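Participant:
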Amino acid sequence: MFVRNIEQKQKLVLVVCIIMGIVTVVTSIGSMIYADVRISKSESRIYVLDANYNAFSAVRSNGGLTMEMEVKGLVEDFHSLFYTLGPDNEFIKKNMERANYLCDQSVYRQYMNMRERGYYNELVKNNMHSWLMTDSIQFDKNQMTFRYWGTIRFDRRNGGTYYKLITSGKIQVQPRTENNIHGLMIRNWMVEDYSSFRSENGNN
Numbered sequence: 363m364f365v366r367n368i369e370q371k372q373k374l375v376l377v378v379c380i381i382m383g384i385v386t387v388v389t390s391i392g393s394m395i396y397a398d399v400r401i402s403k404s405e406s407r408i409y410v411l412d413a414n415y416n417a418f419s420a421v422r423s424n425g426g427l428t429m430e431m432e433v434k435g436l437v438e439d440f441h442s443l444f445y446t447l448g449p450d451n452e453f454i455k456k457n458m459e460r461a462n463y464l465c466d467q468s469v470y471r472q473y474m475n476m477r478e479r480g481y482y483n484e485l486v487k488n489n490m491h492s493w494l495m496t497d498s499i500q501f502d503k504n505q506m507t508f509r510y511w512g513t514i515r516f517d518r519r520n521g522g523t524y525y526k527l528i529t530s531g532k533i534q535v536q537p538r539t540e541n542n543i544h545g546l547m548i549r550n551w552m553v554e555d556y557s558s559f560r561s562e563n564g565n566n
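Sequential numbering of the sequence shown, starting at 363, is according to the working numbering.
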């Protein structure tokens with residue numbers, strides 16, 4: 363009788379040990395899976411800076427932000443820097459320098475063309491502000507080309523004038539830098555249409 367009790371206790375201890383071992387293994391595996399999921403989610407969320415250095419969150423998809431999102435961010439940032447200006451030569455200069463990091467020499471040719479026409483002098487002399495509003499951006503991933511549609515408003519003392527803007531260009535992949543966080547470069551940038559289509563009288 364005494365021996366039988368000892369055997370039963372040993373079996374009970376063995377069963378308890380086996381159960382505890384199984385629970386420990388299951389708990390460990392569950393913890394590893396949970397940790398892996400949490401790490402994957404945290405790595406998928408990154409923070410991106412826009413043209414004004416404001417941070418916003420974005421989600422990676424299969425190894426990186428989608429190409430279309432990156433291209434549209436680059437194109438919108440570039441055009442905003444180039445066309446949203448104020449009557450301040452230093453501000454204009456800084457915007458052009460920042461835009462130059464996002465585009466090849468074609469941006470300099472356009473800048474010089476506008477400068478020779480007195481575009482920037484008119485802003486300063488007449489104390490005008492120009493504001494660019496993006497209407498649409500089309501990206502062809504196969505050809506790595508884009509087309510941009512936007513509206514520029516010039517604010518004057520006596521009202522405002524609206525211009526239609528259409529541009530196009532090519533996209534080239536390059537390493538990310540502090541001055542170009544998109545890792546993309548605009549090439550062969552062209553202005554296809556820049557025309558006035560509406561005016562407002564400030565006295566109305």
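Where is the CB? At the ideal position from N, CA and C, for every residue including glycine.
Keep in mind it's a predicted model, so treat the numbers as computed, not measured.
#1: Would you call K455 buried or exposed, if buried means 16 or more other Cβ atoms sit within 10 Å of its Cβ?
#2: With Y510 as the anchor, note down where its beta strand (DSSP E) starts and where it stops.
#3: Using 10 angstroms around the beta-carbon of D439, count the other beta-carbons present and answer buried if the total reaches 16, otherwise exposed.
#4: Can you tell me where the alpha helix (DSSP H) with K584 in it begins and where it stops?
#5: Assuming the contact rule is C-beta atoms closer than 8 Å, M552 and K503 should be a hit. Round their C-beta distance to whole Å, please.
#6: So, with DSSP's three-state summary, where would you put T563?
#7: How about S530 and I514: are their beta carbons less than 7 Å apart?
#8: For K487 and R538, I'd like the C-alpha separation in whole angstroms.
#9: Specify the secondary structure class of Q472 as computed by DSSP and reduced to three states.
#10: Using the C-alpha atoms, what's the distance from I384 back to L546?
#11: On the premise that M458 lies in contact with Y473, defined as a C-beta separation below 8 Å, what is that separation, rounded to the nearest angstrom?
#12: For F508 versus F501, is the C-beta spacing smaller than 7 Å?
#13: Assuming contact is defined by CB atoms lying nearer than 7 Å, are L443 and A461 in contact in what I supplied?
#14: In the DSSP assignment, the alpha helix (DSSP H) including Y525 goes from what residue to what residue?
#15: Bridge partners of Q500, per DSSP?
#16: Under the rule that 16 or more other beta-carbon atoms within 10 Å means buried, what is I391, buried or exposed?
#17: Can you look up I543 in the DSSP assignment and give me helix, strand or coil?
Facilitator: With the structure as the only source:
#1: As a working mapping, residue 455 is identified with position 93 in the sequence shown. Under a 10 Å Cβ-count criterion, K455 is classified as exposed, with fewer than 16 other Cβ atoms of the shown protein chains found around its own Cβ.
#2: For the purposes of this step, residue 510 is taken as the residue at position 148 of the sequence shown. Where Y510 is concerned, the enclosing beta strand (DSSP E) stretches over T507 to R518.
#3: Translated into the one-based positions of the sequence shown, residue 439 becomes position 77. So D439 ends up on the buried side.
#4: Any question about residue 584 goes unanswered here, given that the chain covers just 363 to 566.
#5: The count along the sequence shown starts at 1 and reaches residue 552 at position 190. The count along the sequence shown starts at 1 and reaches residue 503 at position 141. Between K503 and M552 the Cβ distance is about 20 Å, and since that is not below 8 Å, they are no contact.
#6: Translated into positions along the sequence shown, residue 563 becomes position 201. Just to set this straight, residue 563 is Asn in the shown sequence, not Thr. It is a strand residue.
#7: Within the sequence shown, the letter at position 168 stands for residue 530. Within the sequence shown, the letter at position 152 stands for residue 514. No, the pair does not count as a contact, with Cβ atoms beyond the cut-off.
#8: As a first step, residue 487 must be located in the sequence shown, where it is residue number 125. As a first step, residue 538 must be located in the sequence shown, where it is residue number 176. The straight-line gap from Cα to Cα measures roughly 38 Å.
#9: Against the sequence shown, residue 472 aligns to sequence position 110. Helix.
#10: Translated into the one-based positions of the sequence shown, residue 546 becomes position 184. Translated into the one-based positions of the sequence shown, residue 384 becomes position 22. So the two alpha carbons sit approximately 52 Å from each other.
#11: Here residue 473 refers to the residue found at position 111 of the sequence shown. Here residue 458 refers to the residue found at position 96 of the sequence shown. 6 Å between Cβ atoms; contact.
#12: In the sequence shown, counting from the first residue as 1, residue 508 sits at position 146. In the sequence shown, counting from the first residue as 1, residue 501 sits at position 139. Between F508 and F501, the C-beta spacing is below 7 Å.
#13: On the sequence shown, position 81 is the one that residue 443 refers to. On the sequence shown, position 99 is the one that residue 461 refers to. Between L443 and A461, the C-beta gap is smaller than 7 Å, which places the two residues in contact.
#14: Here residue 525 is taken as the residue at index 163 of the sequence shown, counted from 1. No alpha helix (DSSP H) holds Y525; the beta strand (DSSP E) holding it covers G521 to V535.
#15: Against the sequence shown, residue 500 aligns to sequence position 138. BP columns for Q500 point to R509.
#16: Here residue 391 refers to the residue found at position 29 when the sequence shown is read from its first residue. By the 16-neighbour rule on beta-carbons within 10 angstroms, I391 is exposed.
#17: Along the sequence shown, read from residue 1 onward, the residue named residue 543 stands at position 181. Residue state, collapsed to three classes: coil.
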